[in-house]
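Chains as they are written, first to last, in my numbering: chain A, 6 to 119; chain B, 1213 to 1322.
Positions of the beta carbon are idealized from the N, C-alpha and C atoms, including for glycine.
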Amino acid sequence: EPEVTQTPSHQVTQMGQEVILRCVPISNHLYFYWYRQILGQKVEFLVSFYNNEISEKSEIFDDQFSVERPDGSNFTLKIRSTKLEDSAMYFCASSSGTLGYGYTFGSGTRLTVV
Amino acid sequence: DAKTTQPPSMDCAEGRAANLPCNHSTISGNEYVYWYRQIHSQGPQYIIHGLKNNETNEMASLIITEDRKSSTLILPHATLRDTAVYYCIVIHQAGTALIFGKGTTLSVSS
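Below you can see the structure in the form of structure tokens.
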């Protein structure tokens, strides 16, 4: 069964540093998403990406975040200057864009900002 | 997208059927009902979806009422590994981001 792959599984970074989280969505999917989950809280939507541009974003997705699809396979989330409160699990997901089919999530990257 | 309401928690004995309700009284005719679950801190896992008709797959069954204002996810023989948070989400447009609420925490015990 096709999978969404996220790397690394765990990243520790110092406050103020830039971090890039990587995802390889399912190859024939057209929509890509980033979510985050702070420990003990619900899964929160950050941003969706379609046709090489952001299609939706939440209030959380401010100027310190950016997304990119640098080639035909990777989808990245960059956090420019990390803060302690950015510590969370970050999930990537993709969908075919056809209602009636599921969205597939990766297993996540645990980001710890120290 | 229509708002959904789920009970915060439910318990189920291992081997019994788990019936998880969801209310989506403002659902419109072209909106799908999706069910996902999250086991511990793993990525959300797709379970099943439906529009009007009842659906069944290898994981679960989805019963949607005739007026479509509510649905029930049925895990026919719950196991300890089914302990998770279950989310009912309604979306109307392909590609729209899934927005997760607090879901129902299902605890399966032996």
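- Item | Where the beta strand (DSSP E) containing residue 1262/B begins and where it ends | 1257 to 1262
- Query: Going by the beta-carbon positions, is the gap between residue 1254/B and residue 1297/B smaller than 8 Å?
  - Reply: no
- What residues in its chain sit with their C-beta under 6 Å from that of residue 1260/B, if we drop five residues either side in the sequence? 1247, 1267, 1269, 1272 and 1274
- Does the ligand PLP have a heavy atom nearer than 7 Å to the CB of residue 58/A? By its list of ligands, the structure shown contains no ligand whatsoever, and the ligand PLP lies outside what it can speak to.
- Query: With burial defined as no fewer than 16 other Cβ atoms inside 10 Å of the residue's Cβ, what is the status of residue 1243/B: buried or exposed?
  - Reply: buried
- Spatial distance of residue 1219/B from residue 1319/B (CA atoms): 13 Å
- Item | Nearest residue (CA-CA) to residue 64/A, options 74/A, 58/A, 57/A and 53/A | 53/A
- Please confirm if the segment 101 to 109 of chain A is in contact with the segment 1278 to 1298 of chain B, defined as three or more CB-CB distances below 8 Å between the two stretches. no
- Message: Determine, for residue 1298/B, whether the minimum Cβ-Cβ distance to residues of chain A falls below 8 Å.
- Response: no
- CB of residue 1312/B within 8 Å of CB of residue 48/A, strictly: yes
- Message: I'd like to know whether the C-beta atoms of residue 99/A and residue 30/A end up nearer to each other than 8 Å.
- Response: yes
- Considering only C-alpha positions, which residue in the set 36/A, 117/A, 113/A and 43/A is nearest to residue 78/A? 36/A
- Query: So, are the CB atoms of residue 1331/B and residue 1224/B less than 8 Å apart?
  - Reply: Nothing in the structure corresponds to residue 1331/B, since chain B is present only between 1213 and 1322.
- Task: Could you round the C-beta distance between residue 51/A and residue 70/A to whole angstroms and report it? I think they count as a contact, below 8 Å.
- Result: 7 Å
- Message: Rounded to whole angstroms, what is the Cα-Cα separation between residue 1287/B and residue 1228/B?
- Response: 8 Å
- Query: Would residue 1217/B pass as a contact of residue 1302/B if the rule is Cβ separation under 8 Å?
  - Reply: no
- Given that residue 1253/B touches chain A, what residues does it touch there, using C-beta distances under 9 Å? 42, 44, 94, 113 and 115
- Task: Anything in chain B within Cβ reach of residue 47/A, meaning under 8 Å, just list it in chain order.
- Result: 1312, 1313, 1314 and 1315
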